[in-house]
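Residue numbers (my numbering), protein chains in the order written: chain A, 2 to 368; chain B, 578 to 1090. By construction, the Cβ of each residue, glycine as well, lies at the ideal position given by its N, Cα and C atoms.
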Amino acid sequence: MTVSELKSIEISDMKNIALGGSFLGTGGGGDPYIGRLMAEEAISKNGPVPVLDVGDIEDDALIIPVAMMGAPTVMLEKLPRGTEAISAVETLQNFLGKKATAIFCLEAGGLNSTIPIAVAATTQLPIVDGDGMGRAFPELQMVSMTMGGISACPMAMADEKGNSIILNTVDNLSTEKFARVITVEMGGAGLIALYPMTGAEAKKSILRGSLSLINSIGSIIHSEQAANRNPADRLAHDLKGIRLFEGRVLDVDRRTEGGFARGNCIVQGLGDCSGTQIKLEFQNEFLIAQTQDGIPKALTPDLICLLDLETGQPITTEQIRYGFRVIVFGLPCDPLWRSKQGLELVGPRYFGYDFDYKPIEQLNAVL
Amino acid sequence: MYRIGIDVGGTNTDAVIMQGDKILAGVKSATTSDVMSGVVDSLKKVLAETGVKNSTVSAVMIGTTHFTNAVVERRSLSLTAAVRLCLPAAQCLPPMVDWPDDIKQAVGGHYWMADGGNEFDGREISSLNDIQLTKIADEIDALGIDTVALCSVFSPVNDSMEKEAMAIMKKRLPKANFTLSSEIGRLGILERENAAIMNASLRKLSSHTVGAFGKALKSVGLSCPYYVTQNDGTLMSAKFVQEYPVLTFASGPTNSMRGASFLTGEKNAIVIDVGGTSTDVGALVNGFPRPASTSVDVGGVRTNFRMPDVYSIALGGGTIINPEDPISIGPRSVGYRIHEDGLLFGGDILTATDVAVGLGIADIGDPEPAKKLGSERLQIIKSKIDEMIVNAAERMRVSSDRIPVLAVGGGSILIPDTVGDLPVVKPNYFAVANAVGAAIGQISGEVDRIFSLTSISREEALETARKEATKKAIAAGAKPDSIEILDQEDVPLAYLPGNATRIRLKVVGDLNG
């Protein structure tokens, strides 16, 4: 698809960015709305956020990725104080003894697609056009930087009560384990600044153009809605995605375990799909789509999005309710994730599902 | 036995009498400023027209858009104090942060953030502060505000802070009424808080309105129970609606869509309901209003009610029109005062109905005053009105299928014969579709309690809840064989021992008789 490059982020851009971010959230990462409001407030105070191409950044410049860490349901309910981000970024800068040149978006899906923009506007720093996931994932080692050999540490965490903590761990998975425990202690959510990297490191390891991509996805969805078309067809065409299933939500089973919203959701088919069911497994994000006979239709790290059947609006795992009419939409992930190392980080077995990864295009090949 | 359905709109009060599935009569009266005399008029008319004895009426169902209109028009809203228990969290987005300025002004925009709130696991974010809350109560009192919306972080899983804060503040505000967000909404603090603030700002209006309904029924000798319809098409008792007027939001559209489907037999259609004050456009999918799957705006305010997906515009029979350039249509309406203020009834305000009458589209009142504007000017105004209707219908349309448009409501004379490329159907009793929808309102049974999943499975707990809810619905008068699940939700309460989960389940069934 043709993605128009984002040069700066104004208040008026936040609507598209938030919508595109909620699409790439693949059901998780929380509703970007709260991050959008925070970004809008900060932009109205401090002006638009410049967006930089990573190629234009000096090799020795410091780039700081930021994100919210924790359960999305917590963030919908316990809103931030507003000072956590600055606290996390400053704690990390002080530890490193160096000022950041730009903010970076760790995760271009869900709430974390908009939070870094609020952070950039608040700290009056530019933001890099890219991210570490190309979607949402539940754990912080699941980023392209891990594959690029960049350490998540030193990592700073901050909460609304004024606590700030620096972590140094032996590897990125350990960072995740320790940080997760701390977020629970922080009340289920905290602001994090991590993977500090130089311009040179970023050029080799980030996924580029993610902010421009979510801006374009948001603008496609808005314009298709305005033309009374379900955006799924155009998204399928432009992003090489697949309409996997359509139906009505029959049951949702969710539980909060170890800081994650886990569960599954059963969709009863309608139209061409009637008489069949599909079961979606989620751990914050949708990870597995399978038929009632256990035949996989889409497997992580490929993207599984739930869209409103009528409007094409993305639906998050915490929004799903009995009776919703939905489209299950699948999208191939960034090729980087399909490498052996990528699948070890985010493949079905990592999440405890007994499936060998197969690309979504093969699972749904027309015979 | 007979049932009476009443719809109190901004302009008209309609009533129908039904016996089983049969409509015996439908009448219209003007909504009056005291609400009551309009209801009395309609009841008298419909009883007289059918000769039904008031002792044989088994129930009266009332649907009203009164509260939605108040929010949409920013009218009759009380100054409200919004108090959020959250500190030090949640300061970055204060209460009403994303409200349009005009409604924020209408409720005063006063808010306080105080210590309190829970974490997801039940721990306290901070303890309630007696002195702080007392001081806030005094400030509220000094502003002359006597309605309070209290919202605490994570109150849907632990509502005790909201209750305690209310008790503390009541000492200083003994006459104030309180709305607790935990009693209205679900997780999602901004949306739940919004609903609580709107509910609080409507409490005075609801107490006035519900009182008027009761008196109206009594004055025509009806002693049967009466119900008010809520947004999912089910019925609430009078006392309940007095405390939770916000639950009537969008009941108008639900009633008109269910009524339109009942009257036409159409299961898939766009429904356009033109009242006196506003036009609601919704979609019927397989006979049910299409629910909104994401948050729903009411008058520009985000909420998370489970509501039909409805697009509302400020256009109705009583909409005030400025015919001079630049022509403006609405958003204000003369509402129920059309019979005094409309040109066609000898008043001096040009309304949308005057335009239709002046063009000869409808035959009510005196067309002459409107005609003075000249047919060319009237035509220009009418085409602007048509454009508003087509745009609204297009917005709700989701496929190129040529499904019918069902035109209902007293102002539906404003709807052209085709809407874009869609054919328009105007059923019998089109003008009283809302009242029909109210009359077929369903009885619900609800269970909202905490189950321990140590000795039983989640499925068994849901089954128990379903049985309990079904029993309640039957006890409240539902036909056993018509009962089905309307809504079910379970929220695990991670902080309680014994794998506890809060199950909310609602079943509905048709009213017996």
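For a Cβ distance threshold of 9 Å, nothing in chain B lies close to A:Arg235: the least Cβ distance comes to about 14 Å.
In this structure the segment 925 to 933 of chain B does not lie against the segment 876 to 889 of chain B, because fewer than three pairs of beta carbons, one per stretch, are closer than 8 Å. DSSP, reduced to helix, strand and coil, places B:Tyr688 within a strand of the structure shown.
Under DSSP, B:Val818 takes part in no beta bridge, so it has no partner. With a threshold of 7 Å between beta carbons, A:Arg82 makes contact with chain B.
Listed by position along chain B, the residues whose Cβ is nearer than 8 Å to that of A:Ala72 are Phe697. The residues Gly242, in chain order, have a CB closer than 6 Å to that of A:Leu236 in the same chain once the five nearest residues on each side in sequence are set aside. Under the Cβ distance rule, A:Lys16 does not count among the residues neighbouring chain B, no pair being separated by less than 7 Å. For B:Gln1065, the residues of chain A that pass the 7 Å Cβ criterion are Tyr323, in the order they occur in the chain. By the beta-carbon neighbour count (other beta carbons within 10 angstroms, threshold 16), B:Met578 is exposed. Using beta-carbon distances, B:Leu764 counts as an interface residue toward chain A, with a partner under 7 Å. Counting the other Cβ atoms within 10 Å of the Cβ of A:Gln284 gives 16 or more, which makes it buried. The beta-bridge partner set that DSSP reports for B:Lys599 consists of B:Gln596. In the structure shown, the three-state DSSP call for A:Cys274 is helix. A:Met158 is a Cβ neighbour of A:Ile166, given a cutoff of 7 Å. In summary, the residues of the segment 167 to 195 of chain A whose CB is separated from some CB of chain B by less than 7 Å are Gly188 and Gly189, in the order they occur in the chain. According to DSSP, residue pairing for B:Ala658 in a beta bridge involves B:His687 and B:Val725. Apart from the 5 residues on each side of it in sequence, B:Ser796 sits with its Cβ closer than 6 Å to the Cβ of Val617 in its chain, given in chain order. Secondary structure at B:Phe731: coil, using DSSP grouped into helix, strand and coil. Beta-bridge analysis with DSSP links A:Gln284 to A:Arg263 and A:Glu286.
Using a CB distance below 8 Å, the part of the segment 698 to 732 of chain B facing chain A consists of Asp698, Arg700, Ile702, Val730 and Phe731, ordered along the chain. As a beta-bridge residue in DSSP terms, B:Phe755 pairs with B:Val725.
Excluding the 5 residues flanking it on each side, A:Gly348 has same chain C-beta neighbours closer than 8 Å at Leu300, Thr301, Pro302 and Tyr358, in chain order.
For the segment 52 to 77 of chain A, the beta-carbon criterion of a distance under 8 Å to any beta-carbon of chain B is satisfied by Ala72, Thr74, Val75 and Leu77.
Neighbours of B:Val674 in chain A, taken as residues at a C-beta separation under 7 Å, are given in chain order as Leu38. Excluding the 5 residues flanking it on each side, A:Leu346 has same chain C-beta neighbours closer than 7 Å at Gln142, Met143 and Thr147, in chain order. In the displayed model, B:Gly842 falls within coil according to three-state DSSP, outside both helix and strand. Residues of chain B whose Cβ lies closer than 7 Å to the Cβ of A:Glu161 are, in chain order, Pro665 and Ala666.
As a beta-bridge residue in DSSP terms, B:Arg879 pairs with B:Asp874. Among the residues facing chain A, B:Pro1069 is included, as its CB has a counterpart in that chain under 7 Å away. Taking the Cβ atoms as the reference, B:His643 lies roughly 10 Å from B:Thr854, outside the contact range of under 8 Å. Annotation for A:Lys341: the continuous alpha helix (DSSP H) segment containing it runs Lys341 to Val347. The way I'd put it, the segment 678 to 689 of chain B doesn't touch the segment 618 to 630 of chain B; fewer than three beta-carbon pairs between them come closer than 8 Å.
For A:Leu364, the enclosing alpha helix (DSSP H) stretches over residues Ile361 to Leu364. Taking C-beta atoms as the reference points, B:Asn1011 and B:Gly836 count as a pair closer than 7 Å.
Cα atoms of A:Lys8 and A:Gly26: separation of roughly 23 Å, rounded to the nearest angstrom.
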